[in-house]
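A.B. asks: The sequence shown begins at 1078 in the numbering used here and counts up one residue at a time. No residue lacks a Cβ here, since even glycine has one placed at the ideal position from N, Cα and C. Here it is, the structure, as structure tokens.
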Amino acid sequence: MSTEEIVSHQPLSSHSSQVAIVGVGGAGNNLLSQAIDGGISPRNCVAVNTDRGQLSESRARNKVLLADSTETNSPLTRQRGGEGQLLAYRVSPFTRESDFTILLTGLGGATGTKAAPLIAQWHRDRVRPIVSVVALPFIHERERRFVALRGLKKMVEACDCTVIVDNSVEKLALLDSKRVADETAALAVRGLSEVVASSDQMISHQILNILSLGSVATVCIGPVESRERVQSAVSNALTTPSASLPLTKAKGAVLLFRGIEPLNNGQAAQAYEAISSLVGHDVDFVHVSTRCQARSSLSIFLSGYTYDMALGTVDDLIEDLYDMEYGLESKATRVGVRMPLYEMELA
Ligand SMILES: Nc1nc2c(ncn2[C@@H]2O[C@H](COP(=O)(O)OP(=O)(O)O)[C@@H](O)[C@H]2O)c(=O)[nH]1
Ligand SMILES: [Mg+2]
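Below you can see the structure in the form of structure tokens.
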């Protein structure tokens, strides 16, 4: 039985949702600023960090400076019932009016890995939808990938859906672009927040329902040369998912199209056909078009994955690391990539 569902976008409904976007830690702050540069309003954005310098550079309107871990052991923290409570107390003034929260962080460091799951859990306890977009460390950040996996487990447990943007995978896809992962994460956040804030709540619910078919999702982003060629745009986008999870295991797809003219139902049906044929079976589907003057693009969120499947993709990379370490033949593209080093923190 096909569960395909095609919904047209009703722009500027009076029943849209309020979205809050929270960026935690160095990566979270950077990616949030990039999403703001891409067009989302800084008003609903909150940057959270233990690093005062990074926080001051954030383009978010609201900022929360967290104490480092020595301070979180203070009597005041204990009085308030632990770190989760303290975090909630600091962050909630900026998110409690919202119906939908998007959490943005990089896992594998100290601040985001520790604080983001606590912030997510606090929202989840209030039965508010929370979707996270998380960057996983580059392949050369050995120990960090292990730390990230532990953090990912907590994120996955605390969020309705966690969209993984693997820094390692994205770097393989487009060698000429320095920061593909950043672009992907920022576009994913912008697309989701834009659609949730401007569509009918019913559409937001459908999107959330499809995203939460599994605890983990990937996002595939690509340009659209013309709406008549939407099928090839879909196939191209699906060749570079944000984390290397198998297409065949996807259970749902959320297609966000941006362009001067929205996709008509025929074009949306063609896009669906391309997705289901590449995935190899029917998936739950919703599509939303947003008008914009810029070059047309699409973001396809593939959902229905589990934490264990995500572990599998990281295992592959760990095997590659092992091969590199012991001089075994490995895929040349992976070894040959020169990756920029991000700020390392002495936690
Ligand atoms: N894509 C992307 N990943 C980043 C960026 N900065 C850091 N990361 C990744 O996020 C992980 C956590 O780093 P960071 O956010 O600095 O740690 P934290 O501040 O302690 O939470 C790192 O291991 C990096 O792989 C960034 O600007 N973009
Ligand atoms: Mg930091």
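Can you determine whether any heavy atom of ligand 2 sits closer than 6 Å to the C-beta of Asp1128, and answer yes or no?
C.D. replies: Yes, since a heavy atom of ligand 2 falls inside the 6 Å radius drawn around the Cβ of Asp1128.
A.B. asks: Beta carbon of Pro1194, beta carbon of Leu1285: below 7 Å?
C.D. replies: Their beta carbons are not under 7 Å apart, which means Pro1194 does not touch Leu1285 by this criterion.
A.B. asks: Leaving aside the five residues before and after Asn1313 along the sequence, list all residues of the same chain whose C-beta is less than 6 Å from its C-beta, in chain order.
C.D. replies: Correct list, in chain order: Gly1299.
A.B. asks: Within 10 Å of its beta-carbon, does Asp1129 have 16 or more other beta-carbons around it, so buried, or fewer, so exposed?
C.D. replies: One detail in the question is off: residue 1129 reads as Arg in this sequence, not Asp. When all chains shown are included, Arg1129 counts as exposed.
A.B. asks: Do you know offhand how far Gly1102's Cα is from Thr1188's?
C.D. replies: Straight-line Cα distance between these residues: approximately 5 Å.
A.B. asks: Pull up the distance between the alpha-carbon of Ala1250 and that of Thr1317, whole angstroms please.
C.D. replies: Confidence at Ala1250 is low in this model, with a pLDDT of 49, below 50, so the placement of that residue should be treated as unreliable; the coordinate-derived value is given next. Rounded to whole angstroms, Ala1250 to Thr1317 spans 6 Å at the Cα level.
A.B. asks: My understanding is that Val1356 touches Ala1387, with C-beta atoms under 8 Å, so please give their C-beta distance in whole angstroms.
C.D. replies: With a Cβ gap of about 18 Å, Val1356 and Ala1387 do not count as contacting.
A.B. asks: Would you call Tyr1166 buried or exposed, if buried means 16 or more other Cβ atoms sit within 10 Å of its Cβ?
C.D. replies: Tyr1166 should be labelled exposed.
A.B. asks: Would you mind stating whether Leu1184 and Thr1190 have Cβ atoms separated by less than 7 Å?
C.D. replies: Closer than 7 Å, so yes.
A.B. asks: Identify the continuous beta strand (DSSP E) that holds Arg1335 and give its terminal residues.
C.D. replies: Here the beta strand (DSSP E) through Arg1335 covers 1329 to 1336.
A.B. asks: By the DSSP assignment, the alpha helix (DSSP H) with Val1356 in it spans what residues?
C.D. replies: Per DSSP, Val1356 belongs to the alpha helix (DSSP H) from 1342 to 1356.
A.B. asks: To the nearest angstrom, how far is it from the Cα of Ser1354 to the Cα of Ala1212?
C.D. replies: Distance between the alpha carbons of Ser1354 and Ala1212 is about 28 Å.
A.B. asks: Would Val1204 be called buried (16 or more neighbouring beta carbons within 10 Å of its own) or exposed?
C.D. replies: Burial call: exposed.
A.B. asks: Let me confirm a value: Met1279 is counted as buried when at least 16 other C-beta atoms fall within 10 Å, else exposed. Which label applies?
C.D. replies: Under this definition Met1279 is an exposed residue.
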